[in-house]
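K.L.:
Chains as they are written, first to last, in our numbering: chain P, 1 to 492; chain E, 493 to 984.
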């Protein structure tokens with residue numbers, strides 16, 4: 001990106017090291033499962049709390065359903081179980097046999113009905129919907145859950161594709177098709193708002209091809225983005241389930257005319273993968289860069305005063321600044337640890353991606369100035385202490401916007417329109433990125449292209465790029481008629 | 493308690509119904525696992541956030557470790573695995589085989605190393621401690637985790653003894669025995685403070701007998717309480733692990749003299765069981781009664797105005813009150829739904845246990861008065877609106893204290909000293925409660941008494957009751973010498 005020559009810079013390996021070095025997460029002894037470290041959990045809690053607020057505000061209520069789903073329940077929706085069948089953690093026994101010689105599974109404790117650790121919770125939640133829904137008065141149900149789930153990954157990728165991850169999963173039931181459909185799109189738009197404005201990552205809105213859609217859905221809407229290494233990442237999905245689960249779980253309600261009808265469902269989710277996304281979009285060679293909205297620490301104050309007698313003046317000043325920061329609900333830290341040098345601290349907060357650093361030294365104190373450093377552009381300025389109030393709030397907003405614009409630049413740089421199959425193959429082998437090409441809509445071509453290039457159709461975008469207005473065209477692979485361009489990309 | 497003659501009143505069945513009726517939780521299709529409903533989760537989040545604040549303040553940091561623990565890791569601490577061997581959920585396979593005819597476990601997907609869903613996380617966390625600890629500079633480590641765990645219960649009890657529950661588990665490592673021991677006791681005292689002051693339940697501090705202690709611990713300290721039905725409930729535990737896990741997981745550190753030493757460990761926890769405890773301690777025939785400190789809604793405002801033209805005056809007044817409530821960080825709801833009568837609402841908030849209800853009618857408005865109803869004592873008073881500020885804050889504090897005192901009365905009422913074995917057996921069959929009796933310290937007597945009475949030694953209390961100062965005595969069963977009284981009780 002900026003011509004750095006370090007090996008692996010901006011690669012998955014670099015991303016991986018950065019995640020560990022910055023105390024976000026690390027690998028565990030179990031393949032595909034990670035350990036969230038304190039800073040990673042702090043970032044997640046910022047995301048969680050802000051999104052949760054929006055979900056509650058839009059009428060959703062939080063529930064917590066069991067971790068384990070009986071296989072008999074999961075079986076009910078055939079497409080659903082087929083889709084998840086290759087990545088299930090299956091609980092089959094419930095006791096160990098401990099003897100002097102060995103510790104083994106107690107064969108007598110075999111379960112009559114096997115249990116699956118939830119890969120998603122439709123199958124257990126629709127079982128409750130059946131009990132809860134009788135009349136149109138019970139609808140809509142708008143429910144949300146924060147849960148840990150397991151999807152056994154063959155090729156796990158730290159934070160981007162883990163076997164265990166934390167999921168926000170919404171599940172709703174509606175009396176009409178139109179209402180359910182609107183709700184799935186409403187939630188997709190809410191995610192778009194959230195990811196673009198809070199995490200500062202621009203996303204492409206679209207829907208999945210039938211091959212790529214959620215197992216059990218009628219339509220899967222999605223938000224996609226591109227990472228620093230040119231690979232695509234699915235950021236959020238919202239599924240219109242039609243009456244599939246209502247049918248499979250035999251859910252019906254008495255409508256206002258006294259006739260039984262099947263209700264309509266949606267489900268939608270985001271996960272801790274978003275932490276991976278923000279690290280792999282916004283970071284640079286110095287470390288993370290966190291958008292102010294979700295940075296656990298938005299501002300760090302570091303003193304570079306050396307004389308002990310100046311410390312008191314410093315503490316007094318910081319106290320004063322602190323009052324203002326607190327009143328404005330800004331998250332800050334005053335790092336006055338004596339065992340570390342200012343330089344060490346600068347590196348530390350650079351690595352952690354703290355958006356703004358305030359440095360105060362003797363010279364500054366005497367002149368009524370403080371030094372402000374913005375992490376995203378790595379620029380220092382001196383401002384008058386009396387102007388701090390206005391400057392800080394404007395600066396944080398500006399960083400948030402500039403980070404979005406920089407990521408938008410990245411996305412645009414990685415976006416291309418290609419009409420020649422060899423060129424597509426070449427591009428996917430070299431730079432990667434998001435490639436808009438025509439597709440005939442057949443699973444056959446989709447499969448063949450994937451075999452040739454390892455790229456998937458990450459989505460059928462809602463709107464194609466403005467400059468390429470022609471909707472009709474010919475499939476890049478089969479040359480058959482194509483209704484619109486879709487996006488090909490290698491993805492995590 | 494108050495002479496009500498309803499069948500089952502204050503029984504486990506009554507408690508069970510109340511949990512469901514008040515929208516706290518309900519049973520799921522999986523035996524021993526429950527569904528947390530929105531109100532239950534709201535209560536839990538109050539508990540979680542307040543306790544988390546105290547844990548962070550005392551220097552602990554939050555981590556999240558994987559859900560699954562390799563059996564090979566769990567095996568390392570022999571006593572630990574032996575203790576949990578009868579209640580493990582064991583994952584043995586990772587794929588299903590979906591054919592036209594049936595959906596079965598794919599036998600080829602059998603795991604080489606079986607995984608256990610965490611019943612507690614020592615075995616996975618100590619594996620990381622081994623990697624993280626090298627020198628005395630790495631110590632102490634003070635970490636905390638909020639996690640869902642599975643302990644397969646043979647006789648599950650809704651919210652009191654579930655197979656899946658949410659756990660707060662602290663894990664620490666120290667360089668000296670004294671420091672680890674002090675830390676486990678410090679955390680026990682923190683729990684005592686929290687449970688008595690925030691949840692308003694008095695607890696007895698003590699330690700477990702070797703039979704009852706945590707599998708893998710040297711000493712298990714505990715807090716115990718008694719429920720409305722006279723059964724005891726373990727509220728919190730703190731374990732001094734000695735060097736057991738350090739030994740089993742081969743954790744060592746270089747001390748200041750450059751010599752390798754084994755560190756010392758602690759672990760301690762509370763769980764969603766606390767919600768069960770507070771419901772089964774504070775409720776009455778009208779529903780829950782929540783201590784103000786953890787009530788999701790502390791104050792509900794209900795208008796009993798009938799004329800539409802008065803509504804505006806009402807809204808204006810509520811707005812004014814609202815500003816004051818918000819400024820004081822009080823959690824309140826103004827219920828102005830038109831489709832429900834005031835009477836219906838009164839019952840609803842009684843059931844939910846909202847500590848304070850403010851009712852405003854026309855008469856009150858004209859006289860500048862409002863009616864205040866306190867849920868715990870079910871008493872109404874009229875106060876002048878201008879005195880609302882002071883009154884409300886005092887009232888909430890008073891309710892918190894009075895609830896504690898009432899629970900203390902319950903505990904005292906259920907506490908007895910008995911020296912005759914037949915009397916002990918009789919008492920445990922009839923009223924139950926906490927019975928202070930002498931015990932010779934042998935596992936044999938402990939086991940025999942349990943067989944005869946189904947009661948356990950719930951703890952060896954730190955301090956015996958003042959009025960019974962004589963420490964020495966004779967075991968109620970064997971008549972052998974006893975060093976002090978212990979507490980016998982039937983428990984959940």
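We put the beta carbon where it would ideally sit given N, CA and C, even for glycine.
(1) Would you say residue 829 (chain E) and residue 841 (chain E) are within 9 Å of each other, going by their C-beta atoms?
(2) When DSSP labels each residue in this structure, what does residue 562 (chain E) get in the three-state scheme?
(3) Using a 10 Å radius around the Cβ and a threshold of 16 neighbouring Cβ atoms, would you call residue 56 (chain P) buried or exposed?
(4) Tell me the DSSP secondary structure of residue 838 (chain E) in three-state form.
(5) The alpha helix (DSSP H) that contains residue 480 (chain E), what's its start and end?
(6) Assuming residue 715 (chain E) and residue 164 (chain P) are in contact, meaning their beta carbons sit under 8 Å apart, how far apart are those beta carbons, in whole angstroms?
(7) State the beta-bridge partners of residue 374 (chain P) as determined by DSSP.
(8) List the residues of chain E that residue 344 (chain P) touches, going by C-beta distances under 8 Å, in chain order.
(9) Checking contacts by CB at 9 Å: is residue 585 (chain E) closer than that to chain P?
(10) With residue 157 (chain P) and residue 492 (chain P) assumed to form a contact (beta carbons below 8 Å), what rounded beta-carbon distance in angstroms separates them?
(11) For chain E, find out if any of its Cβ atoms is closer than 9 Å to the Cβ of residue 87 (chain P); answer yes or no.
(12) Classify residue 786 (chain E) as buried or exposed, calling it buried when 16 or more other Cβ atoms lie within 10 Å of its own Cβ.
(13) Measuring alpha carbon to alpha carbon, tell me which of P:485, P:124 and P:247 ends up nearest residue 417 (chain P).
(14) Closest Cβ-Cβ distance between residue 569 (chain E) and chain P: below 9 Å?
(15) Between which two residues does the alpha helix (DSSP H) harbouring residue 901 (chain E) extend?
(16) Cα-Cα, which of E:719, E:717, E:718 and E:699 is closest to residue 710 (chain E)?
(17) Under 9 Å between beta-carbons, which chain P residues line up against residue 533 (chain E)? List them in chain order, please.
(18) List the residues that DSSP assigns as beta-bridge partners of residue 663 (chain E).
(19) Which of the three DSSP states is assigned to residue 279 (chain P) in this structure?
(20) Going by DSSP, which residues form a beta bridge with residue 27 (chain P)?
(21) Leaving out the 5 sequence neighbours to the left and right, which residues in its chain are closer than 6 Å to residue 268 (chain P) when beta-carbon positions are compared?
(22) Whole beta strand (DSSP E) runs in the segment 182-208 of chain P with 3 or more residues, listed along the chain?
(23) Could you tell me which uninterrupted alpha helix (DSSP H) segments, each at least 4 residues in length, are contained entirely in the segment 698-764 of chain E, listed from first to last along the chain?
(24) In chain order, what residues of the same chain lie with their CB nearer than 7 Å to the CB of residue 855 (chain E), ignoring the 5 residues before and after it?
(25) Per DSSP, what kind of secondary structure is residue 505 (chain E) in: helix, strand or coil?
(26) Just curious, the alpha helix (DSSP H) that residue 800 (chain E) is in, first and last residue?
(27) Using C-beta distances below 6 Å, list every residue in its chain close to residue 314 (chain P), excluding the 5 sequence neighbours before and after it, in chain order.
(28) Does the CB of residue 513 (chain E) have a neighbour CB from chain P at under 9 Å?
(29) Give the residues from the segment 788-801 of chain E that approach chain P closer than 7 Å (Cβ to any Cβ), ordered along the chain.
(30) Apart from the five residues just before and just after residue 631 (chain E), which ones in its own chain have a Cβ nearer than 8 Å to its Cβ?
(31) Taking all protein chains shown into account, decide if residue 781 (chain E) is buried (16 or more other Cβ within 10 angstroms of its Cβ) or exposed.
(32) Quick one: is residue 463 (chain P) buried, meaning 16 or more other Cβ sit within 10 Å of its Cβ, or exposed?
(33) Measure the C-alpha to C-alpha separation of residue 257 (chain P) and residue 332 (chain P) and round it to an integer number of angstroms.
(34) Would a C-beta distance cut-off of 9 Å place residue 180 (chain P) and residue 59 (chain P) closer than the cut-off?
(35) Return helix, strand or coil for residue 778 (chain E), following the three-state DSSP convention.
(36) For a cutoff of 9 Å on Cβ pairs, would you count residue 739 (chain E) as touching chain P?
P.N.:
Taking the definition as stated:
(1) Numbered from its first residue, the second chain carries residue 829 (chain E) at position 337. Numbered from its first residue, the second chain carries residue 841 (chain E) at position 349. No.
(2) Counting from 1 along the second chain, the entry for residue 562 (chain E) is found at position 70. Reduced to three states, the DSSP call for residue 562 (chain E) is strand.
(3) For the purposes of this step, residue 56 (chain P) is identified with residue 56 of the first chain, where counting begins at 1. With fewer than 16 other Cβ atoms within 10 Å, it is exposed.
(4) The residue you call residue 838 (chain E) lines up with position 346 of the second chain. In the structure shown, residue 838 (chain E) sits in a helix (DSSP, three-state: H, G or I).
(5) Coverage of chain E is limited to positions 493 through 984, which leaves residue 480 (chain E) absent and any answer about it impossible.
(6) Residue 715 (chain E) sits at position 223 when you count from the first residue of the second chain. Residue 164 (chain P) sits at position 164 when you count from the first residue of the first chain. That belief does not hold up - the Cβ atoms of residue 715 (chain E) and residue 164 (chain P) are roughly 32 Å apart, past 8 Å.
(7) Here the question's residue 374 (chain P) lines up with position 374 in the first chain. Per DSSP, the beta-bridge partners of residue 374 (chain P) are P:356 and P:379.
(8) Along the first chain, one-based indexing puts residue 344 (chain P) at 344. Near residue 344 (chain P) there are no residues of chain E at all, since even the closest Cβ is about 16 Å away, more than 8 Å.
(9) Here the question's residue 585 (chain E) lines up with position 93 in the second chain. Yes - at least one Cβ of chain P is within 9 Å of the one on residue 585 (chain E).
(10) Reading the first chain from its first residue, position 157 is the one you call residue 157 (chain P). Reading the first chain from its first residue, position 492 is the one you call residue 492 (chain P). For residue 157 (chain P) against residue 492 (chain P), the beta-carbon gap comes to about 5 Å, under 8 Å, which counts as contact.
(11) Numbered from its first residue, the first chain carries residue 87 (chain P) at position 87. Yes, because at least one Cβ of chain E sits closer than 9 Å to the Cβ of residue 87 (chain P).
(12) Mapped onto the second chain, residue 786 (chain E) falls at position 294. By the Cβ neighbour-count rule, residue 786 (chain E) is buried, with 16 or more other Cβ atoms within 10 Å of its own.
(13) Numbered from 1 along the first chain, position 417 holds the residue referred to as residue 417 (chain P). Residue 417 (chain P) has its Cα closest to that of P:485, out of P:485, P:124 and P:247.
(14) Locating residue 569 (chain E) in the second chain gives position 77, where the first residue counts as 1. For residue 569 (chain E), the answer is no, since every Cβ of chain P falls outside 9 Å of its Cβ.
(15) For this step, residue 901 (chain E) is matched to residue 409 along the second chain. For residue 901 (chain E), the enclosing alpha helix (DSSP H) starts and ends at 880-905.
(16) Taking the first residue of the second chain as 1, we reach residue 710 (chain E) at position 218. Checking every option, the nearest Cα to that of residue 710 (chain E) belongs to E:699.
(17) Looking up residue 533 (chain E) in the second chain gives position 41. Those within 9 Å of residue 533 (chain E) in chain P are 61, 62, 63 and 64.
(18) Sequence index remark: in the second chain, residue 663 (chain E) carries index 171 (1-based). Partner(s): E:635 and E:759.
(19) In the first chain, residue 279 (chain P) corresponds to position 279, counting from 1. It is helical.
(20) Taking the first chain and counting its residues from 1, the one referred to as residue 27 (chain P) is at position 27. Paired residue(s): P:34.
(21) For this step, residue 268 (chain P) is matched to residue 268 along the first chain. These residues qualify, in order along the chain: 170, 187 and 238.
(22) Whole beta strand (DSSP E) segments, 3+ residues: 204-207.
(23) Under the rule that a run must span 4 or more residues, the alpha helix (DSSP H) segments found entirely inside the segment 698-764 of chain E read 736-740.
(24) One-based indexing of the second chain puts residue 855 (chain E) at position 363. Within the same chain, no residue comes within 7 Å of residue 855 (chain E) by CB-CB distance, once the 5 residues on both sides are set aside.
(25) Here the question's residue 505 (chain E) lines up with position 13 in the second chain. The answer is helix: DSSP assigns residue 505 (chain E) an H, G or I state.
(26) In the second chain, residue 800 (chain E) corresponds to position 308, counting from 1. 800-819 is the extent of the alpha helix (DSSP H) around residue 800 (chain E).
(27) Here residue 314 (chain P) corresponds to residue number 314 of the first chain, with the count starting at 1. 303 and 305.
(28) For this step, residue 513 (chain E) is matched to residue 21 along the second chain. Any Cβ of chain P closer than 9 Å to the Cβ of residue 513 (chain E) would place that residue at the interface, and such an atom is absent.
(29) Residues: none.
(30) As a first step, residue 631 (chain E) is located in the second chain; it is residue number 139 there, counting from the start. Same-chain partners within the cutoff: 625, 665, 666, 667, 745 and 755.
(31) Here residue 781 (chain E) refers to the residue found at position 289 when the second chain is read from its first residue. Residue environment analysis places residue 781 (chain E) among the buried positions, since at least 16 neighbouring C-beta atoms fall within 10 angstroms of its C-beta.
(32) As a working note, residue 463 (chain P) is residue 463 in the first chain. Classified as exposed, residue 463 (chain P) has fewer than 16 neighbouring CB atoms from the shown chains inside 10 Å of its CB.
(33) Reading the first chain from its first residue, position 257 is the one you call residue 257 (chain P). Reading the first chain from its first residue, position 332 is the one you call residue 332 (chain P). Rounded to the nearest angstrom, the two C-alpha atoms are 58 Å apart.
(34) Position 180 of the first chain, counted from the start, is the residue given in the question as residue 180 (chain P). Position 59 of the first chain, counted from the start, is the residue given in the question as residue 59 (chain P). Their beta carbons are not under 9 Å apart, which means residue 180 (chain P) does not touch residue 59 (chain P) by this criterion.
(35) As a first step, residue 778 (chain E) is located in the second chain; it is residue number 286 there, counting from the start. Residue 778 (chain E): coil per DSSP, three-state reduction.
(36) Within the second chain, residue 739 (chain E) is the residue found at index 247, counting from 1. Judged by the 9 Å Cβ criterion, residue 739 (chain E) is not in contact with chain P.
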